[in-house]
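Protein chains: 2
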Amino acid sequence: MTAEEAAGNDLVLAFGRLLGAANRLEYLLGRAIEEQCGISHLMYEVLLILAREGNRGMSMRAISREQVLTTGGVTRLIDRMEALGLVERTLDPGDRRGRLVRLTGAGAAKAVEATRVHLENVRRHFVEPIPVEHRKRFAEDLRTLSHSAREAIPRLR
Amino acid sequence: MTAEEAAGNDLVLAFGRLLGAANRLEYLLGRAIEEQCGISHLMYEVLLILAREGNRGMSMRAISREQVLTTGGVTRLIDRMEALGLVERTLDPGDRRGRLVRLTGAGAAKAVEATRVHLENVRRHFVEPIPVEHRKRFAEDLRTLSHSAREAIPRLR
DNA sequence: GCGGAATATCTGACTGCGCAGATACTTTCT
DNA sequence: AGAAAGTATCTGCGCAGTCAGATATTCCGC
Chain A
842 MTAEEAAGND
852 LVLAFGRLLG
862 AANRLEYLLG
872 RAIEEQCGIS
882 HLMYEVLLIL
892 AREGNRGMSM
902 RAISREQVLT
912 TGGVTRLIDR
922 MEALGLVERT
932 LDPGDRRGRL
942 VRLTGAGAAK
952 AVEATRVHLE
962 NVRRHFVEPI
972 PVEHRKRFAE
982 DLRTLSHSAR
992 EAIPRLR
Chain B
842 MTAEEAAGND
852 LVLAFGRLLG
862 AANRLEYLLG
872 RAIEEQCGIS
882 HLMYEVLLIL
892 AREGNRGMSM
902 RAISREQVLT
912 TGGVTRLIDR
922 MEALGLVERT
932 LDPGDRRGRL
942 VRLTGAGAAK
952 AVEATRVHLE
962 NVRRHFVEPI
972 PVEHRKRFAE
982 DLRTLSHSAR
992 EAIPRLR
């Protein structure tokens, strides 16, 4: 086995461990948001996506494309968010098949609140335990890796 | 803002992006196993855990402690795996409350097959696109990160 | 402009998980 | 030994997601 092949094997194994840990963290962070803000992890993701669009609104189809959620799932998630007063459905003036989803005032406020809570959680549990002098290198590592991971996504679907 | 604080903020953001990408990859890799091997992602995880124990067997409680699954969930997952012939429940001679779960021959074979498929997927889609001369550094980065991520898990629960 | 393909949303049927209570057994304390 | 607390598994219920099909509208080629 060449040194390059060995490095490849190491990489596969290390990758697996990172995926496991990342998944677990994502799960726990989702639970934390749920407890501290009263909305599910997926609702938080959708709030962020909608916040990015401002009050232009966004079709459910577009939301489903950004998420790991089918269009049917988005319909029902938006149903629940609407019942909570976080979003509102409006008619799409340009396409009467579709409906545009927009944040309400309460939804925008909740997005801000949840983001604050989420960042605080990440900072407390993940960033602060890392020694200050290592943080810069860590940030670089993270950027490199998430770039590679993102490139791998389209190849896998 | 000091340079260290800036590095901390970078870290929080980069971490979020990595989590998102990792989660997505885990999901896609799970779907790939499902399609190519006919078992769910969680079944694969359980097969790996049981393979580690050999034919000593393992209680469902112990399985639930290793997974993001409650004991009720494990009961039902094992139900399905038993129906597929991948595992068998035996009486625990030392504790008549519990039952030991063991791989069948078919289960062990499926564990090997699924692992081969999984590693092949990771290699093809994630490792191979990385230039050979960078793989060693990548493997180190991954190890560092998954170590930190694993340390963060207990703090979050 | 008209007919068929494509697209957006909604809905019913199904699946899988968590929660909490039920049951059976074990451990611990007196 | 016997009672009480603890532990392992199972199960009924509810929720949230997928899938496939229904409906309404738009787009495209002729």
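Line order of the protein sequences matches chains A and B.
The first sequence begins at 842 in this note's numbering and counts up by one.
The second sequence begins at 842 in this note's numbering and counts up by one.
Glycine included, C-beta positions come from ideal geometry on N, C-alpha and C.
Three or more pairs of CB atoms, one per stretch, sit closer than 8 Å, so the segment 919-938 of chain B contacts the segment 883-900 of chain B.
Rounded to whole angstroms, A955(A) and R965(B) show a C-alpha spacing of 37 Å. Contact with chain B is absent for L889(A), since none of that chain's Cβ atoms lies less than 7 Å from the residue's Cβ.
When CB distances to chain B are screened at a threshold of 7 Å, the residues of the segment 963-976 of chain A falling below it are V963, R964, H966, F967, V968, P970, I971, V973 and R976, in chain order.
Contact annotation: V928(A) and G948(A) have beta-carbon atoms nearer than 7 Å. Burial check for L932(A): the Cβ neighbour count within 10 Å stays below 16, so the residue is exposed. Following the DSSP letters along the chain, one finds V973(A) inside the alpha helix (DSSP H) bounded by residues V973 to L997.
Bridge partners of E929(B) according to DSSP: R943(B). In the DSSP assignment, I919(A) falls within the alpha helix (DSSP H) that extends over T912 to A924. Only those residues of the segment 979-997 of chain A whose C-beta falls short of 9 Å from the nearest C-beta of chain B are listed: F979, A980, E981, D982, L983, R984, T985, L986, S987, H988, S989, A990, R991, E992, A993, I994, R996 and L997. Distance between R897(B) and P995(B), taken at the CA atoms: about 28 Å.
In the three-state scheme derived from DSSP, where H, G and I count as helix and E and B as strand, S881(B) is classed as coil. Of the candidates A862(A), R930(A), R957(A) and D936(A), the residue whose Cα lies closest to the Cα of L944(A) is R930(A).
With respect to chain A, the C-beta atom of A924(B) has no partner C-beta closer than 7 Å.
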